[in-house]
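S.K.: Residue numbers (our numbering): 181 to 311. For glycine and all other residues, C-beta sits at the position ideal for the given N, C-alpha and C. Predicted model, so just to flag it, every value in this text is computed and none were measured. The structure is given below, and queries will be raised subsequently.
If you want it as structure tokens, here you go:
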């Protein structure tokens, strides 16, 4: 089905008359500018989604810290997954716990940590890169 669009100038703003009789403002821009705009908008959405994920991860980490005293009594030495501020999975293998969460809830921000009084901290030496 072919749609008929009528473009007319109205005070330097183009109006598109649709089949429903409604007029919608429209800007005519070069294709390259429109593609650049689309790329910018997608990048902004990725940044927004990354911030949402980071905020969710931080919320789950704080929930783990709140629950830690009880977890030390009941699940010391085991891996726990925290999602939506609740323990949703417990196990002896980190990857199995994480895989189980992803199977149940999809690929969501989740905090997985071994329940220990003092968690192991790793330090990685870095090398200076000279160009």
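1. How many angstroms separate the CA atom of residue 282 from the CA atom of residue 307?
2. Less than 8 Å between C-beta atoms, sequence neighbours within five positions excluded: which residues of the same chain meet that for residue 285?
3. When you compare the CB positions of residue 300 and residue 237, do they come within less than 9 Å of one another, or not?
4. Does DSSP put residue 284 in a helix, in a strand, or in coil?
5. Specify, as a first and last residue, the run of the beta strand (DSSP E) that residue 269 falls within.
6. Pick helix, strand or coil for residue 304, following the three-state DSSP scheme.
7. Per DSSP, what are the beta-bridge partners of residue 292 in this structure?
8. What first and last residue would you give for the alpha helix (DSSP H) that runs through residue 222?
9. Just confirm the distance between the C-beta atoms of residue 260 and residue 274, as a whole number of angstroms; I'd bet it's less than 8 Å.
10. Cα-Cα, which of 265, 219 and 221 is closest to residue 241?
M.R.: In short, the structure shows the following:
1. Here residue 282 refers to the residue found at position 102 when the chain shown is read from its first residue. Here residue 307 refers to the residue found at position 127 when the chain shown is read from its first residue. Those two C-alpha atoms are separated by around 35 Å.
2. In the chain shown, the residue the question calls residue 285 occupies position 105. Hits under 8 Å: 263 and 268.
3. Against the chain shown, residue 300 aligns to sequence position 120. Against the chain shown, residue 237 aligns to sequence position 57. No, the Cβ-Cβ distance between residue 300 and residue 237 is not below 9 Å.
4. Your numbering for residue 284 matches position 104 in the chain shown. Secondary structure at residue 284: helix, using DSSP grouped into helix, strand and coil.
5. Residue mapping note: residue 269 aligns to position 89 of the chain shown, counting from 1. Judged by DSSP secondary structure, residue 269 falls within the beta strand (DSSP E) whose first and last residues are 266-271.
6. Position 124 of the chain shown holds residue 304. In this structure, residue 304 counts as coil in the three-state DSSP scheme.
7. Walking along the chain shown from the start, residue 292 turns up at place 112. 261, per the DSSP bridge assignment.
8. Within the chain shown, the letter at position 42 stands for residue 222. First-last of the alpha helix (DSSP H) with residue 222: 211-255.
9. Position 80 of the chain shown, counted from the start, is the residue given in the question as residue 260. Position 94 of the chain shown, counted from the start, is the residue given in the question as residue 274. Residue 260 to residue 274, Cβ: 10 Å. No contact.
10. What you label residue 241 is simply residue 61 of the chain shown in a count that begins at 1. Comparing Cα positions, the closest option is 265.
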